[in-house]
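Heads up, the thing below is written out as C-alpha cells.
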Amino acid sequence: MSENDINIFITDRKGTIHDVIAPTDMSINLMELIKIHEIENEASIGVCGGMAMCASCQCYIESEHDLIPKSDDEEAMLSEAFYLEKNSRLSCQIPISTNLDNLRIKIAPES
Ligand code: FES
Numbered sequence: 505m506s507e508n509d510i511n512i513f514i515t516d517r518k519g520t521i522h523d524v525i526a527p528t529d530m531s532i533n534l535m536e537l538i539k540i541h542e543i544e545n546e547a548s549i550g551v552c553g554g555m556a557m558c559a560s561c562q563c564y565i566e567s568e569h570d571l572i573p574k575s576d577d578e579e580a581m582l583s584e585a586f587y588l589e590k591n592s593r594l595s596c597q598i599p600i601s602t603n604l605d606n607l608r609i610k611i612a613p614e615s
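The sequence shown begins at 505 in my numbering and counts up one residue at a time.
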C-alpha cells in the first residue's frame, strides 16, 4: 500500500464486505474501482461508461464522509432510478480522493 492509497469498504449485492485498496493518484472513480476489483458482474455495473446516464452504478453511502456534491445530471438520473434511498449516489460521479479514506458504500440492487 503506497502513501497515495486509501481503504474503501464495499458491500456487494450479496452482502459481502470487500476491503479494497484504492489509489488516489490514478483519476479513477468509485464505479471504476468496483469494476477493477470485479466485485460485481462486469456487465451489471457502469453500463453507460460513467456518464451519469444509466444508474447501474448506484450505491448507498454508509459512512459520514463529505462527498463532492451531486451534479444536475446525477440528480436527474437518480430521480429515475429504482431502489432510490436518501444516501444514494452514482458511484461513477465520485472520484477517489484522499478524504475518502475508510469510506463505506453498498452497491444498490441490479435493476
Ligand atoms: S455508470 Fe452509468 S450512471 Fe454511473
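Glycine is no exception: its CB is placed at the ideal position from the N, C-alpha and C atoms.
Of the choices Met505, Ser506 and Glu544, whose alpha-carbon is the least far from that of Pro613?
-> Glu544
Would you report the Cα separation of Cys552 and Ile572, rounded to the nearest angstrom?
-> 20 Å
Cβ separation of Gln597 and Ala559, assumed to be a contact under 8 Å, to the nearest whole Å = Gln597 to Ala559, Cβ: 11 Å. No contact.
beta-carbon Ser575 near ligand 3 non-hydrogen atom, thresh 7 Å = Absence of ligand 3 is noted for the structure shown, with ligand 1 being the only ligands found.
Indicate whether the contact test is met: 3 or more Cβ pairs, each with one atom in the region 507–520 and one in the region 601–608, closer than 8 Å.
-> yes
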